[in-house]
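Colleague:
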Amino acid sequence: MSIQIGNLEIDLPIIQGGMAIKASMGRLASAVANEGGVGLIAGTGLTPAELKEEIIDAKNKIVNKGGALGVNIMVAASNFMELAKASIEAGVDMIVCGAGFSRDIFEVGKESGVAIVPIVSSLKLAKISQRLGADAIVVEGGNAGGHLGTEKDSWDIIGEIAANISIPVFGAGGVIEPADAQRMLDLGADGVQMGTRFIATVECEVSDEFKNMYVNAKKGDVVEIASSAGLPANAIVSPYVNKVLEAATKKPTSCHNCLKKCTRTFCVNERLVMGHEGDHEEGIFFAGKDVWKINEILTVKEVMDRFRTVFK
Ligand SMILES: Cc1cc2nc3c(=O)[nH]c(=O)nc-3n(C[C@H](O)[C@H](O)[C@H](O)COP(=O)(O)O)c2cc1C
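Taken in order, the sequence shown gives residues 2 to 313; the numbers are from my numbering.
Here's what the structure looks like:
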């Protein structure tokens, strides 16, 4: 079941969600693209030069046709537009933008021919995206990993949005097993975006400690925290997350003004990097609420082959 997104024809309607900082890099994204899906490098937290290099490396690793390579950039990042332009120069097929909404990006997409795919959580923003020229949308619920735009689960918002939108709709939040993807399709989605499932893959470049936290997580281990980016976010309970919940964090000692708006109660970027490096005490470990369903680390090929059966 292939899908048309702007000028792109994608074999499998599966997007590997972008995961900052440095969780979804070229190795993971190129593996997904080689299996006929859309692999996204997370641009947030990188410099434009670093992002370009990562994209060029990933493109060199893509040997099969049928998939695509894109980037995910948080609109909340101070260098959002610079990163978007650097990605286009490096030759990406798609830009997915989450954590905020940019009207300016659609013009950039039209000029460059790169597909623009915003992440939205309401019918209102879905309609605005379609009118401004989005090539597809990702509809993400409050059960997803990372920063959130709504309290409602993906299952409760996808149907109404898909019924009222004519561009392709990808459901995100809670897709771990093929049956979850089938549920998204039954609710009217054209495809899915997954984050949590792809962290627990061989190709994902986070530490084994992080991956094992996913494998060992139990139901209820994911809590909502107030991120310093000014948005709620889902993370696995951990010593530092408990400090965030108790409002006992200390202000960071250095700051690179990486976010357009920051509460400065702690540095989410720094804590995510610590998490990805496996620092259980000090790190933050973003994950979707259904991470408890993960019980093994698979290769990207194994994940994609399991889901292929849904998109026949
Ligand atoms: C560790 C982690 C980091 C994430 N970072 C980002 C990000 O930088 N930008 C973004 O738009 N979404 C981010 N997300 C959300 C994913 O791209 C995806 O939409 C989400 O994980 C889907 O829900 P699921 O985790 O239930 O599959 C992140 C998710 C996780 C688990």
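Just so you know, even glycine gets a beta-carbon here, dropped at the ideal spot from N, CA and C.
Closer than 8 Å by C-beta to residue 157: which residues in its own chain qualify, once you throw out the five before and the five after it? Chain order, please.
Modeller: Excluding positions up to five away in sequence, the list reads 142.
Colleague: Alpha carbon to alpha carbon, how far is residue 203 from residue 299?
Modeller: Residue 203 and residue 299: Cα-Cα distance of roughly 6 Å.
Colleague: Give the secondary structure of residue 34 by DSSP, where H, G and I count as helix, E and B as strand, and everything else as coil.
Modeller: Reduced to three states, the DSSP call for residue 34 is helix.
Colleague: Can you find the residues in the same chain that come closer than 7 Å, C-beta to C-beta, to residue 178, ignoring five residues on each side of it along the sequence?
Modeller: So the list reads 294, once near-sequence residues are dropped.
Colleague: Got a sec: does ligand 1 put a non-hydrogen atom nearer than 8 Å to the Cβ of residue 210?
Modeller: It does not: the Cβ of residue 210 is nowhere closer than 8 Å to a heavy atom of ligand 1.
Colleague: Using the Cα positions of residue 196 and residue 243, report the straight-line distance between them to the nearest angstrom.
Modeller: So the two alpha carbons sit approximately 23 Å from each other.
Colleague: With a threshold of 7 Å on Cβ separation, who are the neighbours of residue 85 within its own chain once the five nearest residues in sequence on each side are excluded?
Modeller: Cβ within range, chain order: 74, 96, 106 and 109.
Colleague: Within this structure, are the beta carbons of residue 139 and residue 118 separated by less than 9 Å?
Modeller: A contact, by the Cβ cut-off of 9 Å.
Colleague: Could you tell me which whole alpha helix (DSSP H) segments of length 4 or greater appear in the region 119-152?
Modeller: The region 119-152 contains these whole alpha helix (DSSP H) runs: 124-133.
Colleague: If contacts are defined as beta-carbon pairs under 8 Å, then residue 301 and residue 33 qualify, I think. What distance do you get, rounded to the angstrom?
Modeller: Contact flag correct, Cβ pair sits at about 6 Å.
Colleague: Have a look at residue 69 and residue 227 and give me their C-alpha separation to the nearest angstrom.
Modeller: Rounded to whole angstroms, residue 69 to residue 227 spans 33 Å at the Cα level.
Colleague: Under 9 Å, do residue 78 and residue 260 count as touching if we go by C-beta distance?
Modeller: Yes. Within cutoff.
Colleague: Is it buried or exposed, residue 240, if we count other Cβ atoms within 10 angstroms and call 16 or more buried?
Modeller: By the 10 Å Cβ count, residue 240 comes out exposed.
Colleague: Work out the CA separation of residue 277 and residue 270 for me, nearest whole Å.
Modeller: Approximately 11 Å, taken between the alpha carbons.
Colleague: Considering only the beta carbon of each residue, do residue 146 and residue 289 sit closer than 9 Å?
Modeller: Their beta carbons are under 9 Å apart, which means residue 146 touches residue 289 by this criterion.
Colleague: Hey, is the region 111-126 in contact with the region 7-22, meaning 3+ C-beta pairs nearer than 8 Å?
Modeller: Verdict: yes, contact present.
Colleague: Just to confirm my understanding: we take residue 229, look at its own chain, exclude 5 residues before and 5 after, and list those with CB closer than 6 Å. What are they?
Modeller: The answer, listed in chain order, is 263, 264, 266, 267 and 269.
Colleague: Is it the case that the Cβ atoms of residue 234 and residue 287 are separated by a distance below 9 Å?
Modeller: The answer is yes: Cβ separation under 9 Å.
Colleague: Please classify residue 225: does DSSP put it in a helix, a strand, or coil?
Modeller: Residue 225: strand per DSSP, three-state reduction.
Colleague: Just to check, is the beta-carbon of residue 95 closer than 8 Å to a non-hydrogen atom of ligand 1?
Modeller: Outside the cutoff, so no.
Colleague: Hey, residue 26 and residue 55 are a contact pair by Cβ (cut 8 Å); roughly how many whole angstroms apart?
Modeller: Confirmed, about 6 Å.
Colleague: Take residue 222 as the anchor and find which of 246, 191, 291 and 176 has the nearest alpha-carbon.
Modeller: Checking every option, the nearest Cα to that of residue 222 belongs to 291.
Colleague: Please list the terminal residues of the continuous beta strand (DSSP E) segment that includes residue 169.
Modeller: No beta strand (DSSP E) contains residue 169, which DSSP labels as neither H nor E.
Colleague: Could you spell out the range, first to last residue, of the alpha helix (DSSP H) harbouring residue 96?
Modeller: Not the alpha helix (DSSP H): residue 96 falls in the beta strand (DSSP E), residues 95-99.
Colleague: Just to check, is the beta-carbon of residue 148 closer than 8 Å to a non-hydrogen atom of ligand 1?
Modeller: Yes, the beta carbon of residue 148 sits closer than 8 Å to at least one heavy atom of ligand 1.
Colleague: Note down the Cα distance separating residue 24 from residue 89, rounded to an integer number of angstroms.
Modeller: Distance between the alpha carbons of residue 24 and residue 89: 21 Å.
Colleague: Ligand 1 heavy atoms versus the CB of residue 151: any closer than 8 Å?
Modeller: Checking the Cβ of residue 151 against ligand 1 gives no.
Colleague: Quick check on DSSP: helix, strand or coil for residue 199?
Modeller: Here residue 199 sits in helix by DSSP.
Colleague: Would you call the region 162-180 and the region 122-134 in contact, with 3 or more CB pairs under 8 Å?
Modeller: These segments touch.
Colleague: For residue 162 and residue 153, what's the separation of their Cα atoms in angstroms?
Modeller: Computed Cα separation, rounded: 13 Å.
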